[in-house]
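Have a look at the structure below before the remarks.
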Amino acid sequence: MPPQDKSDTTTVTRNAENRPDDRYDAQRVEPKWFDRWQQDASLYAAERDSTKKKYYVLEMLPYPSGVLHMGHVRNYAIGDALARYMWMNGYNVLHPMGWDSFGLPAENAAISANTPPREWTLGNIANMKAQMKRLGFAYDWSREVTTCFPEYYRWNQWFFLKLYEQGLAYRKNSKVNWCPKCATVLANEQVVNGCCWRHEDTLVEQRELEQWFLRITKYADELLRDIEKLGHWPEKVRVMQRNWIGRSEGTLVDFKLDGNAGPAGATISVFTTRVDTIFGATSVLLAPEHPLVADCTRYNQPLGAAVQQLITEQRKAREAGDIGEIEKHGVNTGRYAINPYNGEKVPIWVANYILMDYGTGAIMSVPAHDDRDYEFAKKYKLEIRLVIVPVADDPEETVTEPPLPFTTLKGSLINSGRFSGLMCEEAIQKMAAEAEKNGFGKATVTYRLKDWGISRQRYWGTPIPMLYCEKDGIVPVPEKDLPVILPENVSITLAGGSPLGKVPEFVNATCPKCGGPARRETDTMDTFVDSSWYFYRYTDARNDHAPFDPKTAQYWFPIDQYIGGVEHAILHLIYSRFWTKFMRDMGMIKNDEPVERLFTQGMVIKDGAKMSKSLGNVVSPDEMIARYGADAARLYSLFAAPPDRDLDWQDSGIEGIQRFLGRVYRFVVRNAKPEHPDWRKPVPPQLPPPVRAIQRKLHQTIKRVSDDFQGRWHFNTCISAVMELVNVLYGAEEAIAQSAVPVPLLADVQRNLVLLLAPFSPYLAHELWEMLGEKGSILKASWPKYDPALAKEEEIEIPVQVNGKLRGRIVVPADSTEDFVLDRALADEKVAAAIAGKQIVKNIYVAGKLVNIVVK
RNA sequence: GCCGGGAUGGCGAAAUUGGCAGACGCAGCGGACUUAAAAUCCGCAGGUCCGAAAGGACUGUGGGGGUUCGAUUCCCCCUCCCGGCACCA
20 MPPQDKSDTT TVTRNAENRP DDRYDAQRVE PKWFDRWQQD ASLYAAERDS TKKKYYVLEM
80 LPYPSGVLHM GHVRNYAIGD ALARYMWMNG YNVLHPMGWD SFGLPAENAA ISANTPPREW
140 TLGNIANMKA QMKRLGFAYD WSREVTTCFP EYYRWNQWFF LKLYEQGLAY RKNSKVNWCP
200 KCATVLANEQ VVNGCCWRHE DTLVEQRELE QWFLRITKYA DELLRDIEKL GHWPEKVRVM
260 QRNWIGRSEG TLVDFKLDGN AGPAGATISV FTTRVDTIFG ATSVLLAPEH PLVADCTRYN
320 QPLGAAVQQL ITEQRKAREA GDIGEIEKHG VNTGRYAINP YNGEKVPIWV ANYILMDYGT
380 GAIMSVPAHD DRDYEFAKKY KLEIRLVIVP VADDPEETVT EPPLPFTTLK GSLINSGRFS
440 GLMCEEAIQK MAAEAEKNGF GKATVTYRLK DWGISRQRYW GTPIPMLYCE KDGIVPVPEK
500 DLPVILPENV SITLAGGSPL GKVPEFVNAT CPKCGGPARR ETDTMDTFVD SSWYFYRYTD
560 ARNDHAPFDP KTAQYWFPID QYIGGVEHAI LHLIYSRFWT KFMRDMGMIK NDEPVERLFT
620 QGMVIKDGAK MSKSLGNVVS PDEMIARYGA DAARLYSLFA APPDRDLDWQ DSGIEGIQRF
680 LGRVYRFVVR NAKPEHPDWR KPVPPQLPPP VRAIQRKLHQ TIKRVSDDFQ GRWHFNTCIS
740 AVMELVNVLY GAEEAIAQSA VPVPLLADVQ RNLVLLLAPF SPYLAHELWE MLGEKGSILK
800 ASWPKYDPAL AKEEEIEIPV QVNGKLRGRI VVPADSTEDF VLDRALADEK VAAAIAGKQI
860 VKNIYVAGKL VNIVVK
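With the first sequence counted from 1, adding 19 to any position gets you my numbering.
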């Protein structure tokens, strides 16, 4: 009996023979729901002042590059499924979206296409937003954040002023990474293998510039320590952050310069993690760019030339990203330093493997106990002096001449004066204490993490709200004068420094202190500033007197689930953590960390390679929507692989998903009978076995899908489970045709089937929900609950092994005793044959799982 | 070099706590429906060997070893692939 075609909402088209067309046409159904959803802006709005439990699910906001790619679709399909699931479980869900819309590509477009960055960006946003809506993602668009709007970036400026007030933003002259293609500086984090993170073939140059820095290093220790709190982050990301912060405990030791070497009283400070080996130091090595080197080379042309050579070698190696493999070279300065522990004079060398930007740029060289120093000393025939010997459990066996270099900490000191005989770790403590007591050093901690340089010599970014007055120097723009608006109609080139510097109306300003003329800062902020706090803005996106309301933020934070690509494991996620800690110390928020759970989804690849235009293997979401529909594209991106693994896109795979959606649709079209008098009656408690099997499968499926949402998020297996359920339903079609399946059960199984699909394929779910006679959005319906008693199998099949080899299977009631199962197993014909004439050593029964009979 | 992750049919994958390896899907093959095709529905399907068939034997989760009644799963060694870090003193 076909459903009546009288509803004005659900339309089942009919074919030539006037039978209902049970073929699922996504191109008919999806636009219908799309239009309805468009008309209801409140559909996915998070509730203010809710008494419900909150859930904040967030996908990383995209850069509006022009069009969505499959990686976006996958990312958002995961988040959307979770958001819908949480809605159906009664949570007050915050699921927002926005645009990381400042950045260089807009300027490049301006240069190549002569389109103003703002226009280009807003056009892309409009396009991508339309794509997202067409894909059916359930975002609260009333909270949309667009970082290039003054309403947003004024708060970047406001935060900057706060950072400046607290000494966390400061200006200094320093060597910076310069990308010639971007025509701007890069933060350390943005340099990949010596190249620009955006231009992987472009070597980064070193330039000397005045720059604004944020003092992220103030939080280095806390950022490291709190990684422990991120228990629901992928271990991989936690390790990467730990390495990036690079905490290292050691000792600073000052070596005095000998006699006439350098200015009187001058010292070379070295950093070492192995001060216990210092009696084995046979030279001091300086980085080629160490300030003292300049002093040594001033009146020594040949030495200067040699040092210049070392600088060049080091720079080349760094740029090529293989500083680790640099061939060690060095040159003797001819001067000496004095080891404060034993008064010994050691030569000062300059070496190309010493880095100026780590530690103090100077080391003590201990060839006997360091691989690198050993190699260097061998090459230049420097003295190698053993000061640590291994300690064996049996003192008789203690080796006195270990193979060199001997670098472990499991040893004791020799030839080390009053420290001889101490164990290494104890010696490190005592020697550091002595240095401190005598004023020639101290225990210290060094980080690899550097302060965050945020100045960019580009146009399309947040203007840094600072002024330079001839009289008053650096003066912050007063808070009341924010925002400093980014001017329009600026001619953009990649040459000649900051484009804003060429706009007199922008540059020329008045000093708020003295009223005299002042020059405006013309650099803009790194766009990672924008994304460091945007998720707080979502909680209160239209606030125009503060970045957000602290109370509201406190309700929503921390983010319950953050989802994005692993490529942001360091940059974005470390800056965000820093920003949160800074805001906490300002009293704006109470949470120490922004993100409770982080999920990093795998890449979408095709034919074994990352999708790229040059490989010609790009799959376009628009094309997938046009061919298969949004639901199919989304469902396939969840089905083809577990979400944390890379996904190999196969066009034939999505066809299978399209078939599956058609199968579901067809089943419901044929079996929805909401007008039937029994349709809403409760399912009878006693069902005959073949029908009971349907009910059992239903409850098993609900359990599997629910468990996965709570646990490991393997949506691919969730969808498989629903497919199995559908296969069972098709197997029952004959029974249904003969009215052997009670209508209440038929209704129940269809309702639940559609509910189970609601997080994954919203268009189809909404269509079928309506077809089943249900009113209102399926999002407002409750997630199905399974009944363990109904999910339970009454009879189970148990494999029987003999000596671990499968020999037979028996079917027994699920509550059988061990004795009963074993009896039945031994009675099995094939099992009996396999054990005939042998002696049974042991019977193993794993309840409900397996029997193994051990014979000999 | 160090730290992660991975390797399972022709392909994407599954096996959640040590217990039937290959669920589910794709591609393939066979059948039904059709004048025919598409669509749809049903069935078969790791490999090798024996058998006309029913069925049976052996073998099989990158390679080698171990623990166990039993290992894709735990332990040791090795190979390859992907990602990250790397003279960080």
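For glycine and all other residues, C-beta sits at the position ideal for the given N, C-alpha and C.
Boundaries (first-last residue) of the beta strand (DSSP E) holding residue i
i    : result
M742 : Run containing M742: none in the beta strand (DSSP E); it sits in the alpha helix (DSSP H), F734 to G750.
S267 : S267 to L276
A537 : P536 to R539
S801 : Unbroken run through S801: none, as it is neither H nor E.
P409 : I407 to P409
Through-space distance from residue j to residue i, alpha-carbon basis
i    : j    : result
R47  : A96  : 22 angstroms
P2   : F618 : Outside the shown range of the chain (20 to 875) lies residue 2, about which nothing can therefore be said.
I483 : I407 : 54 angstroms
H564 : G117 : 20 angstroms
Y63  : M105 : 12 angstroms
Q176 : V503 : 8 angstroms
G672 : R42  : 19 angstroms
E247 : S551 : 21 angstroms
R437 : M450 : 10 angstroms
C533 : K490 : 8 angstroms
E694 : V687 : 14 angstroms
P21  : R689 : Here P21 scores only 37 on pLDDT, less than 50, and its place in the model is too uncertain to base an answer on.
P778 : L141 : 30 angstroms
V873 : H733 : 37 angstroms
R653 : Q669 : 14 angstroms
N146 : R153 : 11 angstroms
Buried versus exposed, by CB contacts within 10 Å (16 or more), residue i
i    : result
S120 : buried
T543 : buried
T29  : Low confidence applies to T29: its pLDDT is 45, below 50, so where it sits in the model is not reliable enough to give any reading.
L432 : buried
P613 : buried
I447 : buried
Q714 : buried
N192 : exposed
P566 : buried
T481 : buried
Q476 : buried
L765 : buried
T512 : exposed
E308 : buried
V860 : exposed
V258 : exposed
In DSSP terms, what residue i is bridged to
i    : result
E814 : P832
E224 : W197
K722 : In DSSP, K722 forms no bridge with anything.
P366 : Y355
A645 : None, per the DSSP bridge assignment.
M383 : V303
N175 : The partner list for N175 (beta bridge, DSSP) is empty, contrary to what the question assumes.
P703 : None; P703 has no bridge partner.
Y581 : L77 and L617
A766 : According to DSSP, A766 bridges with nothing at all.
Start-to-end residues for the alpha helix (DSSP H) that takes in residue i
i    : result
F290 : Run containing F290: none in the alpha helix (DSSP H); it sits in the beta strand (DSSP E), T286 to T291.
Y372 : Careful: Y372 lies outside any alpha helix (DSSP H) and carries neither H nor E.
Y158 : No alpha helix (DSSP H) contains Y158, which DSSP labels as neither H nor E.
P523 : P523 to V526
F567 : F567 -> no alpha helix (DSSP H), and no H or E assigned at all.
Touching by the beta-carbon criterion (3+ pairs, under 8 angstroms), the stretch 720-729 and the stretch 739-755: yes
At a cut of 8 angstroms, does the stretch 344-363 reach the stretch 290-306 through at least three beta carbon pairs? yes
Using a Cβ distance threshold of 8 angstroms, determine whether the stretch 574-583 contacts the stretch 215-222, with at least three qualifying pairs required. no
Does the pairing of the stretch 649-661 with the stretch 735-744 give three or more beta-carbon distances under 8 angstroms? yes
Does the stretch 780-793 come into contact with the stretch 701-714, if we say contact requires no fewer than three beta-carbon pairs (one atom in each stretch) closer than 8 angstroms? no
Okay, do the stretch 316-325 and the stretch 457-465 touch, 3+ Cβ pairs below 8 angstroms being the bar? no
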